[in-house]
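There are 4 protein chains.
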Amino acid sequence: MTTVGFIGLGAMGRPMAANLAAEHEVYVHNRTASVATEHAAAHGTTAVDLAGLAPVEVVITCLPTTAEVLEVADELVDHLADGTRWVDCTSGDPAASVALADRLAEDGITYLDAPVSGGTDGARQGTLTMMVGGPAEVIEELDHVLDRLAERIVHVGDVGAGHAVKAVNNTLLAANLWAVGEGLVTLARSGVDVGRALQVVNHSSGRSFASEVLVPQRVLTREFPATFGLGLLAKDTRLGRDLVSASGARAPVLRLVTELFQVAADELGDDVDHTAALRLIERWADTELS
Amino acid sequence: MTTVGFIGLGAMGRPMAANLAAEHEVYVHNRTASVATEHAAAHGTTAVDLAGLAPVEVVITCLPTTAEVLEVADELVDHLADGTRWVDCTSGDPAASVALADRLAEDGITYLDAPVSGGTDGARQGTLTMMVGGPAEVIEELDHVLDRLAERIVHVGDVGAGHAVKAVNNTLLAANLWAVGEGLVTLARSGVDVGRALQVVNHSSGRSFASEVLVPQRVLTREFPATFGLGLLAKDTRLGRDLVSASGARAPVLRLVTELFQVAADELGDDVDHTAALRLIERWADTELS
Amino acid sequence: MTTVGFIGLGAMGRPMAANLAAEHEVYVHNRTASVATEHAAAHGTTAVDLAGLAPVEVVITCLPTTAEVLEVADELVDHLADGTRWVDCTSGDPAASVALADRLAEDGITYLDAPVSGGTDGARQGTLTMMVGGPAEVIEELDHVLDRLAERIVHVGDVGAGHAVKAVNNTLLAANLWAVGEGLVTLARSGVDVGRALQVVNHSSGRSFASEVLVPQRVLTREFPATFGLGLLAKDTRLGRDLVSASGARAPVLRLVTELFQVAADELGDDVDHTAALRLIERWADTELS
Amino acid sequence: MTTVGFIGLGAMGRPMAANLAAEHEVYVHNRTASVATEHAAAHGTTAVDLAGLAPVEVVITCLPTTAEVLEVADELVDHLADGTRWVDCTSGDPAASVALADRLAEDGITYLDAPVSGGTDGARQGTLTMMVGGPAEVIEELDHVLDRLAERIVHVGDVGAGHAVKAVNNTLLAANLWAVGEGLVTLARSGVDVGRALQVVNHSSGRSFASEVLVPQRVLTREFPATFGLGLLAKDTRLGRDLVSASGARAPVLRLVTELFQVAADELGDDVDHTAALRLIERWADTELS
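Residue numbers (this note's numbering), protein chains in the order written: chain A, 9 to 298; chain B, 9 to 298; chain C, 9 to 298; chain D, 9 to 298.
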């Protein structure tokens, strides 16, 4: 049993911390403290302020962006012992995380970037996929902690690589989602039955997670349940784009998609579900998918 | 048992006509006549010239583009009896097919556009998906013929709707494929293990048919087997784009992808596999995916 | 002196017909007949219905789109004598105009496409530039008519070439305008004085008609005077794009610009000035140019 | 008379330093020292190593990119006196220049970013336009130096603003140039006389510096004189794009143009003239502009 501090009890963090608590001693911290108190009551964790995380062996952060992780680090680093491991599950900024890892290393703290995918369902069921950047031996050492969070743990490279893969994955999600939106609106305006067209695509070479899962469950139902905000996906595409720039690759499609998601968030707001971006394509064509 | 004429014994047409012959009387025709003769010898079909198709109840065309279908129609239409059904499995042009249907109707011939997806494997195994545009009662009437070709037959709308869905599906394939190419080249240049990154994407929200099947089987293996030519996919994206224009939808992403596939075909040739388009992204970044 | 029929008394047509009347006998026609009556009273022209154009030697059309020209042609063609010349100053569709020219030729009428540029000021002052497609000898024969309308008459090719050049010119206008809008909004958000930046650009290599004339006179003044509607420019970019498609050229930038102008017209309406498209860039960045 | 050190005797720097020497005492430095020796012999300047610049009151840098400026600064800063002014005429990176200015300020050195436009002709004739970022009083104080270099000196904002305006100007140049290339290739393939079409555009609303000067002088002549390398313009578009990202503006067109210029430099090399980018559009369409 390991003593773990979990920071960030959002839609993902709450079930992840609860799963951890089944096997480990878990201290929880949240900006709005009452959320931590409720979590403690419900799941047998212990709510603390940042200073209260001093005794933990492993810190886990699960925050909206790297900006919040850096704020926490500024305050927390002086409280942590030499040898602490820091696992950052935020969908974060690769370059900023490399810099943070260097800074934490000066205090004897080893940082891993370990974002997850699988959504809130995966978080609850412990079936997330985790992509980890950092030293292989530390990842191995933490296996008994990480395997409470994720079903599949993939070591993708050095520090920053986890965030890079997550940024690219989510930019691909954005690209596939926007593309199928454009395609279906075109078909709808051409007099084609959209539901049947989608059935065909989903048995054919044009299919994607976006076409198989998101469009039928969230768009055609007109529900757009806000489990993953448009503003967060727009942010992830910016991280993907910045990675493209830093890498020197040419990526006209991912850049255009990034721009379109910024426009969608400008026009529709950050808080709607990410799939609501398709409402913009619908609006431009005066056509609703259903 | 129905008398069927099958025109176009390419990589898809050969196994499709062979499957038909298991239950129906099949006359085959091919521009290079020896291909038809060989088919007849191997599969019990009858090789004929176009005039020899006069007695058939159903004509099936499976040609590279609508241009070839129109050429065949010019020559064939005078030979066909009133009441003949014409099933066009070509990945064709929606607008031109509507015009052809009107012209054939004057001679009492009913035209269905019925492109298929599933590749050469699906054609052999009879597991294709067929998307059909035209009158519901004719599709039903031909069910005993169509079900020898495809496992799944979906009526998507009036004449032209089948081609429209196929064009959009293939444009989505192009979009998803190009996007994952850009993303993986970016990761490769960022020092990330591409194979592991792809494993993560394929368990996450960024996955697509392109990432799950095409990239691992055709790109990372460096095999690029030329079963579906880049020139044909480039043509399909042009059909998708023309449909966007005709529909009045806004589709900046599909238009950009279309343009990039034309450039890829310009630079790499029409005859390489469609997945070789990613070689262009690799070349621009001086980075090979493997 | 030649007898000329002038159809379409819009913002461009009114002063053009008035200039013609200084030297020729001009019959005018307009969908809203009162506009023609007023023109006759003010400029010594004669207001007629379409049938009243029978005696003219030269028909000039100056209409919003080729659709209106085709409507007029349907009704007018039976009234016109063999040997009539038809000069179409509409910013029209190249392909449709070639078809119209063929049809008119059957009745002995020679069609020239002759769109103009120079705006309402140029129309008033007779300083327009006219780009003409059609047979050189007919253009020469009509020189004494055309030179009342335009200061510069350029024969750019066969029928359709005039419309093609106009469509490309206006698509370049759209591209240059949108680009300078993106650039200036970027500078404004970077704390740079936009007026001074524009002064620099206009003495440097980034300058264009859009940066030298349109932005200072129409955008920075916040006047956006609606002399050339956004809907019409959006239409012209579609004509440019269709020409790209027909030509087989690759034009990712012009295609993206076309798409953005459609979106701008969707969001802002067809009737605002074409320069108001920059309001969309401003809105997306929450920044006003001034 | 002021003692000025001039670093970077490239195609722009040589004539600029020569003009300065007509009125001021000029020390020149160049990485390849022989270039400085020749300049001294020809123009009455004094060739020195970096340490030899210690006595100057004003340092001027005119280097390919900010990377070279930073290298020079590392070595030079210890030699310079408190109160030295540093005028950086490089087409540089806004953000990196702000950081450099802060660092130099610690040693009492005031940095201005002061890139120029007008090309080698303007440099020779002293008719450049200079866009300056930094404190107004320092710009005023240096007026007697700057006015030997440029005819027009525009103060566009704080440190970094000069580079920002230059980056945007050059990105607009790239956009306008690429757009007219796409447009003219389209017209050429449509059977239109390109020279006449360009004449029309240059009297119409689609005109730009690219269409009026670059295309007639460099492209249609097939000369592509390498006075401003494609690699440098590609770099400037990256600076423009990074400014867009930092600013939070949306700029899909400028981003696409940036990507296309990177591809052009990948395919054609950095050292060809920037106008040779149009060779790529020509190649894709198998059509030469002439």
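By construction, the Cβ of each residue, glycine as well, lies at the ideal position given by its N, Cα and C atoms. Owing to the predicted nature of the structure, the values given are computational and were not obtained by experimental measurement.
N- and C-terminal bounds of the alpha helix (DSSP H) containing residue i
i	result
Ala-25/C	21 to 29
Ala-104/B	102 to 114
His-37/A	Taken as a continuous stretch (DSSP letters only), His-37/A belongs to no alpha helix (DSSP H), being part of the beta strand (DSSP E) at 33 to 37.
Gln-207/B	202 to 209
Asp-274/C	260 to 276
Glu-290/D	286 to 293
Asp-86/A	From DSSP, Asp-86/A is part of no alpha helix (DSSP H); its letter is neither H nor E.
Sequence-distant residues of the same chain with beta carbon closer than 6 Å to residue i, five excluded per side
i	result
Pro-143/C	none
Pro-23/A	Ala-131 and Arg-132
Ala-55/D	Val-36, Ala-44, Thr-45 and Ala-48
Thr-283/D	Leu-222, Arg-226, Val-227 and Phe-232
Asn-38/A	Leu-17 and Ala-44
Neighbourhood of residue i by C-beta, 7 Å cutoff - its chain only, sequence neighbours within 5 removed
i	result
Leu-300/D	Because chain D in this structure spans residues 9 to 298, residue 300/D falls outside the shown range and cannot be described.
Ala-182/A	Leu-241, Thr-245, Val-265 and Phe-269
Ala-196/C	Val-202, Thr-295 and Leu-297
Glu-290/B	Val-193, Glu-296 and Leu-297
Arg-215/B	Val-209
Ala-234/D	Asp-279, Val-280 and Asp-281
Gly-6/D	The question about residue 6/D has no answer here: the residues shown for chain D are numbered 9 through 298.
Glu-83/A	Leu-58
Interface partners of residue i on chain B, CB under 9 Å
i	result
Ile-289/A	Ala-257, Arg-258 and Ala-259
Trp-94/A	The contacting residues do not exist; Trp-94/A stays about 21 Å from chain B at best.
Proximal residues of chain C, C-beta to C-beta of residue i below 7 Å
i	result
Val-271/B	Arg-258
Gly-200/D	Per the sequence shown, residue 200/D should be read as Val rather than Gly. What Val-200/D touches in chain C: Val-164, Gly-165, Ala-169, Ala-172 and Val-173.
Thr-179/D	Gly-191
Distance between beta carbons of residue j and residue i, contact taken as under 8 Å
i	j	result
Gly-199/C	Asp-166/C	Contact doesn't hold; Cβ gap of about 52 Å is too wide.
Thr-118/B	Trp-94/B	7 Å
Gly-170/C	Ala-122/C	5 Å
Asp-288/D	Glu-267/D	A small fix is needed here, since residue 288/D is Leu in this sequence, not Asp. With a Cβ gap of about 12 Å, Leu-288/D and Glu-267/D do not count as contacting.
Unbroken beta strand (DSSP E) run spanning residue i, endpoints
i	result
Ile-161/B	158 to 165
Asp-155/C	Unbroken run through Asp-155/C: none, as it is neither H nor E.
Asp-250/A	Note, Asp-250/A: premise wrong, no beta strand (DSSP E); alpha helix (DSSP H) at 238 to 255.
Arg-93/D	93 to 96
Opposing strand residues paired with residue i [DSSP bridges]
i	result
Ile-15/B	His-37/B and Thr-69/B
Ser-125/C	Thr-137/C
Ser-198/A	Paired residues: none, contrary to the question.
Thr-118/A	Arg-93/A
Thr-54/C	Tyr-35/C
Ser-216/A	Ser-216/B
Asp-281/A	Gly-237/A
Neighbour list for residue i in chain D, Cβ cutoff strictly below 9 Å
i	result
Asp-278/B	Simply none; closest approach about 13 Å.
8 Å Cβ cut-off: residues of chain D touching residue i
i	result
Glu-267/A	Arg-258, Ala-259, Pro-260 and Arg-263
Interface residues of chain B facing residue i [CB-CB closer than 8 Å]
i	result
Gln-207/A	Val-162
Per-residue contacts from residue i into chain D (C-beta, under 7 Å)
i	result
Asp-274/B	Trp-292
Same chain, Cβ closer than 8 Å to residue i, neighbours up to 5 away in sequence not counted
i	result
Gly-277/D	Leu-238 and Gly-239
Thr-92/C	Val-64, Glu-65, Val-66, Val-67, Gly-116, Ile-117 and Thr-118
Ala-113/A	Tyr-119
Proximal residues of chain C, C-beta to C-beta of residue i below 9 Å
i	result
His-47/D	Those within 9 Å of His-47/D in chain C number zero; the least Cβ separation is about 26 Å.
Chain C contact residues for residue i, given Cβ-Cβ distances below 8 Å
i	result
Phe-4/D	An answer regarding residue 4/D cannot be provided, because it is not within the stretch 9 to 298 covered by chain D.
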